[in-house]
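Colleague:
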Amino acid sequence: MLPRQHRSWIESFTSLGSKTNAPEIYRRWTALATVSSALQRKCWIDLNSTRIFPNLFVALVGPPGIGKSISISPARDLLPQLGENVFLSPARCTAERFIKNLSLSYRMFSLPHDAFYKQCAYAAFISELSTLVRPNDKDFTILLTDFYDCASQWSYQTLSRDEDKIENLCLTMIGGITPKTLAENFGNAAIGLGFTARLNIIYSDEVRLPKLFDTDGVPLQREAPDYASLLFDLRDIHNLSGAFTFSADAGRAFQAWIDEGIKPIPSEAKMAEYIPRRWFHLTKLAMIISASESSSKEITLAHAERAKELLLGSEASAAGAFEHFGTNPLIGALQNAWSWAKLEYPKGLSELTLKRKLLQDVAPQHLNSCIQELVQTGMFTLVGEGSSRTYIPKVQ
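So for the sequence shown, my numbering puts the first residue at 754; every next one is plus one.
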């Protein structure tokens, strides 16, 4: 086996794109999604009685003209050159056509760990996500959420009673979208349905204006980035298969981070359903970073630390992506709990009783954020500490 030509495929891709106006964070997450797509379902890691695959769902969020398409375009050009086992989605199609395309990606081939390996691996590298998922298309959002978990068996029956069967599916997705369109297309339809728990939201408002002329007014001539130089290593990544493992020191550090909640924990309320799955995203990133640097399939401490750095960096920027989401989709549940408590418990109620009421309208992962919002908005006054905490509804 010939040695890799780049120390890190991800960093080389990111560096090449510096000649464009695309923000660095976009270029780096496009690189992560590209390695993810090259690995497909042939690679995995077993943790917590779960087989975790390296597929990602990434949204590059920012204002128009900032460089989302420029980041994604070279990856979309590179991937088909890996061979006949790589399939890319068109920019626009119906949910039923998307399912059909995914089923048509079925391939069976021989791998060192399985002489008859089968998979349906598909990738959506979309400049504008809004061309694929239309506003308030709840069904398509639920479909994508279902695909993220890489089911070993998945089937869909059409109106004509034909059935599409998908075996060992694997979907990687990255696309650009503005904050306003994110709210319109994935806002209320996504929160509470599990989609945002699976989505890495990468936000930037960095505008990098191009330098077109020199001081004499003469147009500057620059060579286009040579992404073809990355193809050799990307093929090596694509040829990987089998289980990844953690080194002992990486495993110890990973567990320590999980025990402390992978601090800092995002405070954005709309990320509430994402927070319990952060270790899942961290694992995927560690696997991808390892594959980017070597064919050893070992996640070292350096890989784990870099994965944590990238995850926390994306989370820190994500708040800007929610500026157009408007009304909290859980506001109805908050109003119901407040109105009910004023009638039934005007002198106050326990946290357990309040949670039982909220559970009638919201998913369990939203309980703590809902209670926090009830207090912060002044609907309830919190008295006491620990198990003796009492929530007193404000009477207007």
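For every residue, glycine included, the Cβ atom is placed at its ideal position computed from N, Cα and C. Remember, predicted model here, so these are calculated numbers, not experimental data.
(1) DSSP on Pro-972, reduced to helix/strand/coil?
(2) With a threshold of 6 Å on Cβ separation, who are the neighbours of Gly-928 within its own chain once the five nearest residues in sequence on each side are excluded?
(3) Whole angstroms are fine: how far does the CA of Gln-1118 sit from the CA of Glu-1104?
(4) Touch check for the stretch 962–978 and the stretch 1013–1026: three-plus C-beta pairs under 8 Å?
(5) Got a sec? Which residues, its chain only, sit under 7 Å from Pro-817 by beta carbon, not counting five neighbours each side?
(6) Quick check on Gly-770: does DSSP put it in helix, strand or coil?
(7) With a CB to CB cut of under 8 Å and the five nearest residues on each side skipped, what residues in its chain are close to Asp-830?
(8) Candidates Lys-772, Gly-1073, Leu-841 and His-1056: which alpha carbon is nearest Gly-820's?
(9) So the alpha helix (DSSP H) Lys-1037 belongs to, where does it begin and stop?
(10) Can the beta-carbon of Ile-1052 be found closer than 8 Å to that of Ser-1043?
(11) Are the CB atoms of Asp-986 and Trp-797 nearer to each other than 8 Å?
(12) Quick one: using the 10 Å Cβ neighbour count with 16 as the cut-off for buried, is Val-1136 buried or exposed?
(13) With Gln-906 as the anchor, note down where its beta strand (DSSP E) starts and where it stops.
(14) Scan the stretch 838–863 and note each continuous alpha helix (DSSP H) run of 4 residues or more that stays entirely inside, going in chain order.
(15) For Leu-924, name the three-state secondary structure that DSSP assigns.
(16) Please state the DSSP three-state secondary structure of Asn-953.
(17) Tell me which same chain residues have a C-beta within less than 8 Å of the C-beta of Ser-1049, skipping the five on either side of it?
(18) Do you know offhand how far Ser-826's Cα is from Arg-1142's?
(19) Please name the residue, chosen from Arg-975, Asp-1114, Ala-786 and Pro-843, that lies closest to Lys-964 on a Cα-to-Cα basis.
(20) Quick check: Tyr-875 and Leu-855, are their CB atoms within less than 8 Å of each other?
(21) By Cβ distance, which residues of its chain are closer than 6 Å to His-1056, with the 5 residues on each side in sequence left out?
(22) Can you find the residues in the same chain that come closer than 7 Å, C-beta to C-beta, to Pro-807, ignoring five residues on each side of it along the sequence?
(23) Can you give me the C-alpha to C-alpha distance between Ala-1090 and Leu-1107, rounded to a whole angstrom?
(24) Thinking Ser-824 and Thr-884 are a contact (beta carbons under 8 Å), I'd like their distance in whole angstroms, please.
(25) Just checking my contact of Arg-780 with Gly-770 at CB under 8 Å: how many whole Å lie between their CB atoms?
(26) CB Ala-1006 to CB Leu-1054, shorter than 8 Å?
(27) Check this for me: beta carbons of Cys-903 and Arg-1031, under 8 Å apart or not?
(28) Quick check on DSSP: helix, strand or coil for Pro-1099?
(29) Which ranges would you report for the alpha helix (DSSP H) in the stretch 763–839 if only whole runs of at least 4 residues count?
Modeller: This is what the structure gives:
(1) strand
(2) Ile-879 and Leu-882
(3) 15 Å
(4) no
(5) Thr-931
(6) helix
(7) Tyr-980
(8) Lys-772
(9) 1031–1046
(10) yes
(11) no
(12) exposed
(13) 906–910
(14) 848–857
(15) strand
(16) strand
(17) Ser-1043
(18) 54 Å
(19) Arg-975
(20) yes
(21) Ala-1039, Ile-1042 and Ser-1043
(22) Ser-789, Leu-792, Cys-796, Lys-1037, Met-1040 and Ile-1041
(23) 8 Å
(24) Not quite, the Cβ-Cβ distance comes to about 16 Å (not below 8 Å), so this is no contact.
(25) 4 Å
(26) yes
(27) no
(28) coil
(29) 777–792 and 821–831
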